[in-house]
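In the UniProt record's numbering, the protein residues as written are 1 to 312. Glycine included, every Cβ here is placed at the ideal spot set by N, Cα and C. No experiment lies behind these values; they were computed from the predicted model shown.
Written as structure tokens, this is what we have:
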């Protein structure tokens, strides 16, 4: 063991033994006593005393880690969690833009269809307007209701008051079933947003717990509790939670918005069915000729159709 070094004169009071450092202690890096003191071996079982000059000269880059640095320095498990959350976020944003744009177009067309249909009351005119939109839910509902009307007419189920009431009920039910199916199709993909919104924070929390465990293991291995040792691991762990929130928050907001859009569109489909029922019942009660044709039926088949009059 090296020979003991006498205390620095500036650290000792005059005519007394060595005392605790005062506010006038030596700050000269060239002082042989203080320099030797800083080079003394450190007992790992005792706290490390670092002079103020050494603390001031320590690098400050530890507290300025970028997101890329946090990812590169993370553990393998934490990296896998971060990659999963990034992919989930990208997937959710793709669904968000696709769904919101698609729902916006559907609502705009639905308003135009209903306004025109309620204004002129022409079922055939509605079919002509829907002809340009092959995959629109309004078109599928219209085709289903008109198809039931044509089937009943061919089978002679439109004669008499009882048959007319049964016909209107069947047309309404077919339209309702088709509308329900179309709403289910519109809801496809929303479960992904709901899953990301509910699971994302917990996945990020798992990465945080794993990263903090690694930080504690690093502290135990180095027997050093300084911020320079602990901070990087904790920052990496918290970054996983941040990624989980970044993926989950937009997904939850978009899911609620999309669910509301689907609910409003379902009401518009019901409005279409109700308006169709009213116009069909009016034609049947008045006994006026009614020509209906499905949009998807080939033109050569429609040439042989004859107007059908409602019968009392």
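- Put simply, the backbone Cα of residue 280 is about 32 Å away from that of residue 259.
- Taken through DSSP and simplified to helix, strand or coil, residue 118 comes out as helix.
- For residue 242, the CB contacts under 8 Å within the same chain, skipping 5 residues up- and downstream, are 204 in chain order.
- Scanning the region 231 to 270 from its first residue to its last, no whole beta strand (DSSP E) run of 3-plus residues comes out.
- By alpha-carbon distance to residue 135, the top candidate from 120, 110 and 152 is 110.
- Taking C-beta atoms as the reference points, residue 246 and residue 89 count as a pair closer than 8 Å.
- The alpha carbon of residue 192 has as its nearest neighbour, out of 68, 78 and 87, the alpha carbon of 87.
- Under the three-state reduction of DSSP output, residue 133 falls in the coil class, being neither helix nor strand.
- Contact annotation: residue 91 and residue 250 have beta-carbon atoms that are not nearer than 8 Å.
- As the crow flies, the alpha-carbon of residue 178 is around 9 Å from that of residue 143.
- In the three-state reduction of the DSSP assignment, residue 211 falls in the helix class.
- Contact between residue 240 and residue 218 does not hold, since the beta-carbon distance rounds to 17 Å and is not under 8 Å.
- Relative to residue 237, the option among 230, 211 and 225 whose CA is nearest is 211.
- Residue 267 counts as exposed, since fewer than 16 other beta carbons sit within 10 angstroms of its beta carbon.
- Annotation: residue 69 to residue 75 spans about 12 Å, alpha carbon to alpha carbon.
- Secondary structure of residue 189 (DSSP, three-state): coil.
- Take residue 117, set aside five residues on each side of it, and the residues of its chain with a beta-carbon closer than 7 Å to its own are 126 and 275, in chain order.
- For residue 69, the enclosing alpha helix (DSSP H) stretches over residues 67 to 72.
- Residue 226 and residue 233 have their alpha carbons spaced roughly 12 Å apart.
- In this structure, residue 278 lies away from residue 186, with their beta-carbon atoms at least 8 Å apart.
- Of the candidates 71, 72, 120 and 168, 168 places its Cα closest to the Cα of residue 273.
- Check the Cα spacing between residue 112 and each of 155, 129 and 147: the tightest is with 129.
- The DSSP-derived three-state label of residue 75 is coil.
- Of the residues assessed, residue 248 falls on the buried side of the cut-off, its CB having 16 or more other CB atoms within 10 angstroms.
- A direct Cα-Cα distance of roughly 12 Å separates residue 100 from residue 189.
- By the Cβ neighbour-count rule, residue 202 is exposed, with fewer than 16 other Cβ atoms within 10 Å of its own.
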